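Trainee: The numbering used here puts the first residue of the sequence shown at 84, with every later residue one more than the last. Yeah, the Cβ is synthetic: ideal placement off N, Cα and C, and Gly gets one too. If you're wondering where the values come from, they're calculated on a predicted model, not measured in any experiment. Mind looking over this structure? Questions follow.
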Amino acid sequence: MSDRINQGLEKAITYATANGCPPKIAEAIRYAIFPGGARIRPRLCLAIAGACGDANPHATNAAATAIELLHCASLIHDDMPCFDNAEIRRGKPTVHMAFSEPLALLTGDGLIVLAFETIARECVSSPHLIAPLITTISKAVGMPYGLVAGQAWESEPKIDLDQYHRAKTASLFTGAVSAGAISGGGDPLQWQGLGNALGAAYQIADDLYDYAGSSEKMGKPCGQDGTNNRPNSVEVYGIEGSLEQLAVKVDEAARCIPDCQGGDALRKLIRNEANRLVPEGLIDKTRTTSAA
Numbered sequence: 084m085s086d087r088i089n090q091g092l093e094k095a096i097t098y099a100t101a102n103g104c105p106p107k108i109a110e111a112i113r114y115a116i117f118p119g120g121a122r123i124r125p126r127l128c129l130a131i132a133g134a135c136g137d138a139n140p141h142a143t144n145a146a147a148t149a150i151e152l153l154h155c156a157s158l159i160h161d162d163m164p165c166f167d168n169a170e171i172r173r174g175k176p177t178v179h180m181a182f183s184e185p186l187a188l189l190t191g192d193g194l195i196v197l198a199f200e201t202i203a204r205e206c207v208s209s210p211h212l213i214a215p216l217i218t219t220i221s222k223a224v225g226m227p228y229g230l231v232a233g234q235a236w237e238s239e240p241k242i243d244l245d246q247y248h249r250a251k252t253a254s255l256f257t258g259a260v261s262a263g264a265i266s267g268g269g270d271p272l273q274w275q276g277l278g279n280a281l282g283a284a285y286q287i288a289d290d291l292y293d294y295a296g297s298s299e300k301m302g303k304p305c306g307q308d309g310t311n312n313r314p315n316s317v318e319v320y321g322i323e324g325s326l327e328q329l330a331v332k333v334d335e336a337a338r339c340i341p342d343c344q345g346g347d348a349l350r351k352l353i354r355n356e357a358n359r360l361v362p363e364g365l366i367d368k369t370r371t372t373s374a375a
């Protein structure tokens with residue numbers, strides 16, 4: 084699965100940085116994508132497509148690649164001084180620290196365009212999938228409920244925690260599972276519950292890490308929500324309540340997986356990813372909460 088993701092990203096970068104591309108932005112694009120994080124969103128896209136039969140592997144690869152390109156773009160923009168003003172991402176200087184703010188902005192913009200170019204180019208053999216894939220993924224990153232909306236909530240005087248998290252985090256998970264179902268030949272509506280629940284679980288885990296984790300182990304600054312006066316699950320529910328919410332959402336995500344090929348493997352993937360994001364000092368508490 085990792086090979087498919089990395090090959091898709093390498094191919095997209097090759098097109099984006101062909102001869103004639105300004106050298107600095109070509110370097111910044113590669114820097115922003117490699118080495119990557121857990122690649123959970125494209126992995127989820129591939130897993131759902133496989134569970135649905137993976138009827139159109141080229142389209143699946145394109146969708147997974149596009150989703151990761153968009154995720155990387157969102158990280159670049161989120162780290163910039165006008166938002167989080169973060170200096171570290173994935174254990175190394177953020178793009179604007181390494182290449183300058185103008186190049187970071189352009190790199191993020193370039194990755195957004197490259198994501199949709201990738202779908203259009205790689206789905207030539209399955210043109211009937213271009214429109215539904217672009218529509219589905221666009222909704223996950225655009226307005227009124229996608230990543231752009233999630234980022235925009237941070238400029239509001241009062242932030243609704245559920246709407247904020249649904250847009251900023253859960254939307255791309257829902258987009259990933261829906262795109263995987265579309266390219267795999269399944270019904271995306273059967274998988275949306277999984278995307279919503281998993282996205283919510285991921286955000287709660289991320290909030291726990293932001294509150295109680297280590298910047299060194301996370302590879303990015305912790306305590307950003309408090310610094311930037313943003314709502315956080317721990318602030319609303321407390322640590323114990325957030326752990327309970329996490330367990331509920333992980334169980335909900337597992338229950339939302341329809342009967343399919345590889346269903347048990349998918350449930351294992353979901354639980355492993357949720358546990359991976361919980362700070363080490365809270366893991367025992369998570370197990371206790373899950374057993375209660």
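Which residues share a DSSP beta bridge with LYS222?
Mentor: DSSP output for LYS222 lists no bridge partner at all.
Trainee: By how many angstroms is the C-alpha of TYR247 removed from the C-alpha of TYR285?
Mentor: 14 Å
Trainee: Which residues in the same chain as LEU281 place their Cβ atom closer than 7 Å to its Cβ, once the five residues preceding and following it in sequence are excluded?
Mentor: PHE256, ALA336, ILE353
Trainee: Please state the DSSP three-state secondary structure of ALA374.
Mentor: In this predicted model, ALA374 has a pLDDT of only 44, less than 50, meaning its place in the structure is not dependable; the value taken from the coordinates is given anyway. Correct three-state label for ALA374: helix.
Trainee: Among ASP308, LEU272, SER85, CYS339, which residue has its Cα nearest to the Cα of PRO125?
Mentor: Sorting ASP308, LEU272, SER85, CYS339 by C-alpha distance to the C-alpha of PRO125 places SER85 at the top.
Trainee: Can you tell me the Cα-Cα spacing of ASP161 and GLU318, whole angstroms?
Mentor: 21 Å
Trainee: Please list, in chain order, all residues of the same chain as ALA49 whose beta carbon is under 8 Å from its beta carbon, the five residues on each side excluded.
Mentor: The first residue shown for the chain is 84 and the last is 375, placing residue 49 beyond what the model contains.
Trainee: Between the beta-carbon of ILE150 and the beta-carbon of CYS128, is there less than 7 Å?
Mentor: For ILE150 and CYS128, yes; Cβs fall inside 7 Å.
Trainee: Run the CB neighbour count on PHE199, radius 10 Å, all protein chains shown included, and call it buried at 16 or more, exposed below.
Mentor: Of the other Cβ atoms in all chains shown, 16 or more fall within 10 Å of the Cβ of PHE199; this residue is therefore buried.
Trainee: Going by beta carbon distance, what residues of the same chain come within less than 6 Å of CYS135, once the five residues before and after it are set aside?
Mentor: ALA264, GLY267, GLY268, GLY269
Trainee: Just checking my contact of GLY276 with CYS339 at CB under 8 Å: how many whole Å lie between their CB atoms?
Mentor: 4 Å
Trainee: Express the C-alpha separation of PRO271 and THR219 in angstroms, rounding to a whole number.
Mentor: Between THR219 and PRO271, the alpha-carbon positions lie close to 10 Å from each other.
Trainee: Could you give the first and the last residue of the continuous alpha helix (DSSP H) run that contains PRO106?
Mentor: 106-116
Trainee: Please list the segments of the alpha helix (DSSP H) lying wholly inside the stretch 182-261, counting only runs of 4 or more residues, in order along the chain.
Mentor: The stretch 182-261 contains these whole alpha helix (DSSP H) runs: 184-205, 213-224, 230-236, 244-248.
Trainee: Here's the rule I'm using: 16 or more other beta-carbon atoms within 10 Å means buried, otherwise exposed. How should PHE182 be labelled?
Mentor: buried
Trainee: What is the C-beta distance between GLU205 and ASN144, in whole angstroms, given that I count them as a contact (C-beta under 8 Å)?
Mentor: 7 Å
Trainee: Using beta-carbon positions only, say whether LEU186 and ILE108 come within less than 7 Å of one another.
Mentor: Yes, the pair counts as a contact, with Cβ atoms nearer than the cut-off.
Trainee: How would you label SER261, buried or exposed, when you count the other beta carbons within 10 angstroms and need 16 or more for buried?
Mentor: buried
Trainee: Under a Cβ-count criterion, where at least 16 other Cβ atoms within 10 Å of its own Cβ denotes burial, should GLU93 be classed as buried or exposed?
Mentor: exposed
Trainee: If distances are taken between C-alpha atoms only, which option among LEU244, ILE213, GLY193, ILE195 comes closest to ILE202?
Mentor: If we check each option's Cα against that of ILE202, ILE213 comes out closest.
Trainee: Using only CA atoms, which one of VAL333, ASP342, SER221, ALA250 lies nearest to GLY133?
Mentor: ASP342
Trainee: Leaving out the 5 sequence neighbours to the left and right, which residues in its chain are closer than 8 Å to LEU152 when beta-carbon positions are compared?
Mentor: Cβ within range, chain order: LEU92, ALA95, ILE116, LEU194, ILE195, LEU197, ALA198, THR201.
Trainee: Among THR310, ILE123, GLU323, whose alpha-carbon lies nearest the alpha-carbon of PHE166?
Mentor: THR310
Trainee: Identify which residue in TRP236, PRO140, TYR228 has its Cα closest to the Cα of ASN312.
Mentor: TRP236
Trainee: Who are the Cβ neighbours of THR372 in its own chain at under 6 Å, not counting the five residues just before and after it?
Mentor: Because the pLDDT of THR372 is 47, which lies under 50, any placement of that residue in the model is unreliable, and the question is left without a value.
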